[in-house]
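Structure record follows, encoded as structure tokens.
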Amino acid sequence: MIIKTQKSIAASEITDPLIFKQRRQIIKSLLAITGAGFAPAWASENKPMWDNLPQGDFSTHELTPTPLELIKNYTNYYEFAFNKEDSTDLAQHLAIDPWSVEISGEVEKPTRFHLEDMVRQQTLEERIYRFRCVEGWSMVVPWVGFSLASLLKSVKPLSRARFVKFTSVHEPEVMPNQRSNAMLTWPYTEALRLDEAMHPLTILAVGLYGDVLPKQNGAPLRLVVPWKYGFKSIKAIVKIELLEKPPLTTWNQAAPHDYGFYANVNPDVPHPRWSQNSERQLNSRFFTPRRQTELFNGYGEQVASLYRDMDLRHFF
Ligand code: MTE
């Protein structure tokens with residue numbers, strides 16, 4: 003299941019019932035951090051947080067979230083380190099408060115938001131999504147976030163806007179690989195077509211498992227696009243630009259034949275050095291048996307129409 007409504011979510015499915023009960027409280031605390039005065043739908047006993055979900059026909063396979071400890075300790079954050087343990091530790095040095103995000107380019111109302119103001123204007127939701135890394139492993143992540151479309155609409159995109167570019171923070175003082183200019187061109191950037199950015203599944207995450215987003219997972223603000231490989235889900239976003247032309251993006255620029263602009267999960271398009279046909283599921287301390295990778299990571303019903311006229315082998 004992609005987006006859980008109150009009727010269909012089973013408390014025991016995500017974590018133990020006690021933690022589930024605490025979750026509303028924790029998310030309230032999150033909002034207290036990000037801005038007082040915001041009255042989300044779920045704040046009232048009669049109006050659950052899942053009330054404001056987009057309407058649609060969402061598929062029904064059940065997902066069991068990967069344990070939080072694994073999500074927090076198996077991270078890719080190359081500004082800090084090229085291995086998953088060190089990036090987790092070193093990311094703790096990033097200062098994330100205060101934080102502002104500039105939205106500019108082809109918009110009627112270019113705006114620099116304090117993060118608190120941005121979140122206060124949005125409706126937070128929990129989204130339990132599959133997360134598939136191009137390296138061949140996967141998790142299931144219960145994000146807390148808000149619709150990117152809703153944010154973009156608030157700055158009024160101009161009709162010539164076609165692409166959305168995201169830029170991560172540039173902090174060489176605390177990010178060792180930015181200091182040494184290692185491997186990639188910094189800051190990390192990513193991009194989507196505007197229609198992909200406006201899709202109801204695309205969110206900006208500020209939380210995980212009902213709590214604030216851990217720094218190593220991209221705090222305070224990261225993109226989540228569940229039908230694309232994980233490298234599109236850029237962390238620590240400071241700038242969002244609406245553009246007429248497709249921009250260069252970090253991985254596409256570094257290795258265009260390995261990492262396409264689209265990066266839609268596709269079992270039929272192998273990475274030049276490995277198959278993408280199946281994935282190791284990160285479900286416990288050890289990887290559980292491999293799972294057959296699904297086209298669009300299982301979200302085809304919702305997103306395939308975006309690519310109706312495209313040869314997915316060419317636009318990978
Ligand atoms: N964003 C930035 N700024 N820097 C990164 O190195 N890694 C990407 C993506 N976003 C990355 C990033 C990759 S390769 C993946 S798979 C996911 O973040 C990993 O997200 P996670 O560490 O929360 O699992």
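Its first residue numbered 3, the sequence shown is counted upward by one per residue in the working numbering. For glycine and all other residues, C-beta sits at the position ideal for the given N, C-alpha and C.
Under the three-state reduction of DSSP output, D99 falls in the coil class, being neither helix nor strand. The residue among H95, P144, K155, W145 with its C-alpha nearest the C-alpha of D197 is K155. Around the beta carbon of P258, a 10 Å sphere encloses fewer than 16 other beta carbons of the protein chains shown; the residue is thus reported as exposed. With a cutoff of 7 Å, Y79 counts as near ligand 1, since its C-beta is closer than that to a heavy atom of the ligand.
DSSP places P222 in no alpha helix (DSSP H); its state is neither H nor E. For S89, the enclosing alpha helix (DSSP H) covers residues 86-92. For F233, the distance from the CB to the nearest heavy atom of ligand 1 is below 7 Å. Annotation: the continuous beta strand (DSSP E) that includes R134 extends over 127-134. The beta carbon of L65 is closer than 7 Å to those of M3, I130, R132, V142 in its chain, skipping five residues each way along the sequence. An exposed status is given to H316, since fewer than 16 other beta-carbon atoms sit within 10 Å of its beta-carbon.
Excluding its 5 nearest sequence neighbours in each direction, P248 has C-beta neighbours in its own chain below 7 Å: F165, A193, F263, listed in chain order. Excluding five sequence positions before and after A184, none of the CB atoms of its chain fall closer than 6 Å to its own CB. P144: member of the beta strand (DSSP E) spanning 139-149, first to last residue. Among the bridge pairs identified by DSSP, H201 is matched with none. In the structure shown, L65 falls within a coil segment according to DSSP collapsed to helix, strand and coil. Under DSSP, N75 shares a beta bridge with no residue.
Bounds of the beta strand (DSSP E) holding A193 are 191-195. Under the DSSP assignment, T290 falls in the beta strand (DSSP E) whose first and last residues are 290-294.
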